[in-house]
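Visitor: First, the structure itself, so that you have it in front of you.
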Amino acid sequence: MVAKSKTASKAESKAVTKHKLTLSVQYADKRLQDILTRPLIRKTVQAALFFPAEITLRFVDAEEGRVLNHDYRGKDYATNVLTFAYTEDEDAEVTQADIILCTDVLEKEAAEQKKTVLEHAQHLIVHGVLHAQGYDHEEEDEAEEMEALEIEILAGMGLENPYQ
């Protein structure tokens, strides 16, 4: 788990620091490939990084999303974002993670929340990147901290508060 006191100071200096990023984007489900371009994804991931990172971001359909959620979390439904963090150790020099976005769930949630698919996808990417760096929302104080970071990061990108 990332030490929160360390990341708070990193968050404050985020605007001036651009961390090294190795990014792989996989469009197993190609529906969003034209609007969620690799440069936009890179910019979104970079905005949420507090450490150098190696991240694979994969867009999947509901079936692949359901299988992954079932196999790794024991839940038999597709979810919006899954993060597989491999280096949550605060001493790790590089954050390594796979982030899975389910296009079907993402599109459904965007419509329900009256948001654009692009805005919702960027929020979920930021959310997944924060998980990759050790943030969580299991406890109320953790959820408040993570949501505040998401709001700040998205505002820095010119996007609305996703929780309003």
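Position in the sequence shown (first residue = 1) + 891 = the numbering used here.
Every residue gets a Cβ at the ideal spot worked out from N, C-alpha and C, and that includes glycine.
This structure is a prediction, so every number in the text was calculated from the model and none was measured.
Going by the DSSP bridge assignment, what does residue 987 pair with across the sheet?
Guide: In the DSSP output, where bridge partners are listed per residue, residue 987 has 945.
Visitor: How would you call residue 1004, buried or exposed, if buried means at least 16 neighbouring beta carbons within 10 angstroms?
Guide: Under this definition residue 1004 is an exposed residue.
Visitor: Hey, how far is the Cα of residue 903 from the Cα of residue 910?
Guide: With a pLDDT of only 46 at residue 903, under the threshold of 50, the placement of this residue in the model should not be trusted; the figure read from the coordinates follows. Using only the alpha carbons, I get a separation of about 14 Å.
Visitor: Once the 5 residues before and after residue 975 are set aside, which same chain residues still bring their CB inside 7 Å of it?
Guide: Excluding residues within five positions, the ones whose Cβ falls inside 7 Å are 988 and 989.
Visitor: Flag this pair as yes or no: are the beta carbons of residue 978 and residue 1048 separated by less than 9 Å?
Guide: Not a contact, by the Cβ cut-off of 9 Å.
Visitor: Excluding the 5 residues preceding and the 5 following residue 1026 in the sequence, name in chain order all residues of the same chain whose CB lies nearer than 6 Å to its CB.
Guide: If we look at residue 1026 and ignore the five residues flanking it on each side, its Cβ neighbours are 1037.
Visitor: Quick one, are the C-beta atoms of residue 1016 and residue 939 less than 9 Å apart?
Guide: Taking 9 Å as the Cβ cut-off, residue 1016 and residue 939 qualify as a contacting pair.
Visitor: Using the Cβ count rule (16 or more neighbours within 10 Å means buried), how would you classify residue 1041?
Guide: Flag for residue 1041 reads buried.
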